[in-house]
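A.B. asks: Sharing a structure below in structure tokens format, with a few things to ask.
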Amino acid sequence: MANIAFIGLGNMGGPMAANLVKAGHKVTGFDLVQASKDAATADGVSIAGTALDAVKGADVVITMLPAGKHVLTVWKEVIPSVAKNTLMIDCSTIDVESARFAHGHALEHNLPSIDAPVSGGTGGAKGATLTFMCGGTDVAFAAAKPILENMGKKVVHCGEAGAGQAAKICNNMILGISMIGVSEAFALGEKLGLSHQALFDVASTSSGQCWSLTSYCPVPGPVPASPSNNDYKPGFAAALMLKDLRLSQEAAKAAGAATPLGAHAESIYDAFEKAGHGGVDFSGIIKHVRGLAK
Ligand code: NAD
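Once you know that position 213 of the sequence shown is 214 in this note's numbering, the rest is easy, because the numbers rise by one and skip nothing.
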């Protein structure tokens, strides 16, 4: 069993750290927010006074933070102090460029590192059913895989440094676009007098089938566990979807890729957030779509 430092014990990091404790690891955590530290303590995580204290004696350091700037700040702070061969893992969703900077910083200190963003949301974090998308060397991936398997059900090696983040933003661009597409179909069906259940029964077993429809249906009724049945409480907040769509568009611009639907999806979620709905589940975009009708 490993000594693991876990920095960032929020909605995702808290339950992920708890699953590492359940798997028998010794986990020392740090967060800036007292409530997150209290919740992690109740789950068996030892809380350190600073990030630097948390990484003392760690075999593995995991970060689960909001954005690239937070990850780079923490990695730059702790890397000079960690023991030789400590494995650095970042599970946050961040831009590919920052992920590559973070790897570069680890490499300067001869440390193995992996970018390992996740899919599966807070439910997946609690249930240890996340999918991890990893970027890094074969050696670093082989070391990270058994640790990540304690928190997820699928761990995929996507390629070299930054490849995990690349896979994550491509996946979430599909998700943002498909949720708007499914919402438009329900909004049109409503105008045409079609019941939600009838459209769901047809599309879920036809060529319109996709995760946004069958697992996360934006209208209440057909999929009881979807946030639409719980007043669109997240789940996955629209502000986080907007963050990921922005990352996809920054990456598309830098790489010279054409993503016209991704760009349009970003502008639609941007308008939704500006209207004050950033905290609503991203499937709430159906309300915005209905509101566009003339
Ligand atoms: P969160 O805001 O709940 O947690 C982030 C935590 O990081 C907070 O508790 C914050 O206090 C802490 N933090 C920030 N700066 C810090 C620092 N310098 N030192 C220590 N702690 C610090 O966010 P979350 O929902 O847990 O998401 C974390 C990451 O996972 C994000 O990159 C997000 O995009 C990604 N993600 C979230 C979901 C989801 O459904 N919530 C799903 C997949 C991926």
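Where is the CB? At the ideal position from N, CA and C, for every residue including glycine.
With a floor of 3 residues, list each beta strand (DSSP E) that falls wholly inside the region 132-193, ordered by position along the chain.
C.D. replies: 153-160
A.B. asks: What does a CB cutoff of less than 6 Å around glycine 279 pick up in its chain, not counting 5 residues either side in sequence?
C.D. replies: The count along the sequence shown starts at 1 and reaches residue 279 at position 278. Excluding sequence neighbours, glycine 279 sits near Ala239, Ala240.
A.B. asks: List in chain order: all unbroken alpha helix (DSSP H) runs of 4+ residues lying wholly within the region 2-87.
C.D. replies: 14-23, 35-43, 52-55, 69-79
A.B. asks: With a 10 Å radius around its C-beta and 16 neighbouring C-beta atoms as the bar for buried, classify threonine 51 as buried or exposed.
C.D. replies: Residue mapping note: residue 51 aligns to position 50 of the sequence shown, counting from 1. Its Cβ having fewer than 16 others within 10 Å, threonine 51 is exposed.
A.B. asks: Counting only the same chain and skipping the five closest in sequence on each side, list residues whose C-beta sits under 7 Å from that of glutamine 35.
C.D. replies: The sequence position of residue 35 within the sequence shown is 34, counting from 1. Result list for glutamine 35: empty, nothing under 7 Å.
A.B. asks: Given that a residue counts as buried once 16 or more other Cβ atoms are within 10 Å of its Cβ, and exposed if not, what is threonine 87?
C.D. replies: The residue you call residue 87 lines up with position 86 of the sequence shown. Threonine 87 comes out buried.
A.B. asks: Can you tell me whether glutamine 210 is buried or exposed, with buried defined as 16 or more other CB within 10 angstroms of its CB?
C.D. replies: Locating residue 210 in the sequence shown gives position 209, where the first residue counts as 1. Looking at its Cβ environment, which holds fewer than 16 other Cβ atoms inside 10 Å, glutamine 210 is exposed.
A.B. asks: With hydrogens ignored, establish whether the beta-carbon of threonine 132 is closer than 7 Å to any heavy atom of ligand 1.
C.D. replies: As a working note, residue 132 is residue 131 in the sequence shown. No, ligand 1 has no heavy atom inside 7 Å of this Cβ.
A.B. asks: Per DSSP, which one or two residues make a beta bridge with methionine 89?
C.D. replies: The residue labelled residue 89 in the question sits at position 88 within the sequence shown. Bridge partners of methionine 89: Val62, Ser114.
A.B. asks: How many angstroms separate the CA atom of valine 220 from the CA atom of phenylalanine 237?
C.D. replies: In the sequence shown, residue 220 corresponds to position 219, counting from 1. In the sequence shown, residue 237 corresponds to position 236, counting from 1. Rounded to the nearest angstrom, the two C-alpha atoms are 16 Å apart.
A.B. asks: In the DSSP assignment, find the unbroken alpha helix (DSSP H) run with threonine 215 in it and report its ends.
C.D. replies: Taking the first residue of the sequence shown as position 1, residue 215 is located at position 214. Taken as a continuous stretch (DSSP letters only), the alpha helix (DSSP H) holding threonine 215 covers 212-215.
A.B. asks: Is it right to say threonine 64 is buried, meaning 16 or more other beta carbons lie within 10 angstroms of its own, or is it exposed?
C.D. replies: Numbered from 1 along the sequence shown, position 63 holds the residue referred to as residue 64. Buried, by the Cβ-count rule.
A.B. asks: Considering only heavy atoms of ligand 1, does any lie closer than 7 Å to the CB of valine 281?
C.D. replies: Here residue 281 refers to the residue found at position 280 of the sequence shown. False, no ligand heavy atom lies under 7 Å from that Cβ.
A.B. asks: Hey, how far is the Cα of arginine 291 from the Cα of valine 157?
C.D. replies: Taking the sequence shown and counting its residues from 1, one reaches residue 291 at position 290. Taking the sequence shown and counting its residues from 1, one reaches residue 157 at position 156. Approximately 38 Å between the Cα atoms of the pair.
A.B. asks: Of all the options His110, Ala117, Thr132, Leu262, which has the alpha carbon lying nearest to the alpha carbon of isoleucine 181?
C.D. replies: Counting from 1 along the sequence shown, the entry for residue 181 is found at position 180. Looking at the Cα atoms, Leu262 is the closest of the given residues.
A.B. asks: DSSP beta-bridge partners for valine 119?
C.D. replies: The sequence position of residue 119 within the sequence shown is 118, counting from 1. Valine 119 pairs with Phe133.
A.B. asks: Below 8 Å on the Cβ atoms is my contact criterion, and I expect valine 28 with isoleucine 8 to pass it. Report the Cβ-Cβ distance as a whole number of Å.
C.D. replies: Taking the sequence shown and counting its residues from 1, the one referred to as residue 28 is at position 27. Taking the sequence shown and counting its residues from 1, the one referred to as residue 8 is at position 7. The Cβ separation is near 11 Å, so there is no contact.
A.B. asks: Give me the DSSP bridge partner(s) of aspartate 202.
C.D. replies: Position 201 of the sequence shown, counted from the start, is the residue given in the question as residue 202. Looking at the DSSP assignment, aspartate 202 forms no beta bridge with any residue, so it has no partner.
A.B. asks: Out of curiosity, what's the CA-to-CA distance linking alanine 188 and aspartate 245?
C.D. replies: As a position in the sequence shown, residue 188 is number 187, starting the count at 1. As a position in the sequence shown, residue 245 is number 244, starting the count at 1. In a straight line, the C-alpha of alanine 188 is about 25 Å away from that of aspartate 245.
A.B. asks: Helix, strand or coil: how does DSSP classify alanine 226 here?
C.D. replies: Within the sequence shown, numbered from 1, the residue matching residue 226 stands at position 225. In the structure shown, alanine 226 sits in coil (DSSP, three-state: anything other than H, G, I, E or B).
A.B. asks: Would you say histidine 106 touches ligand 1, meaning its beta carbon is less than 7 Å from a heavy atom?
C.D. replies: The count along the sequence shown starts at 1 and reaches residue 106 at position 105. Incorrect: histidine 106 has no Cβ contact closer than 7 Å to ligand 1.
A.B. asks: How big is the Cα-Cα spacing for alanine 162 and arginine 101?
C.D. replies: As a first step, residue 162 is located in the sequence shown; it is residue number 161 there, counting from the start. As a first step, residue 101 is located in the sequence shown; it is residue number 100 there, counting from the start. Roughly 6 Å between the two C-alpha positions.
A.B. asks: Leucine 53: which of Ala41, Val79, Asp32 sits nearest, CA to CA?
C.D. replies: If you number the sequence shown from 1, residue 53 lands on position 52. Ranking the options by Cα distance to leucine 53, first place goes to Val79.
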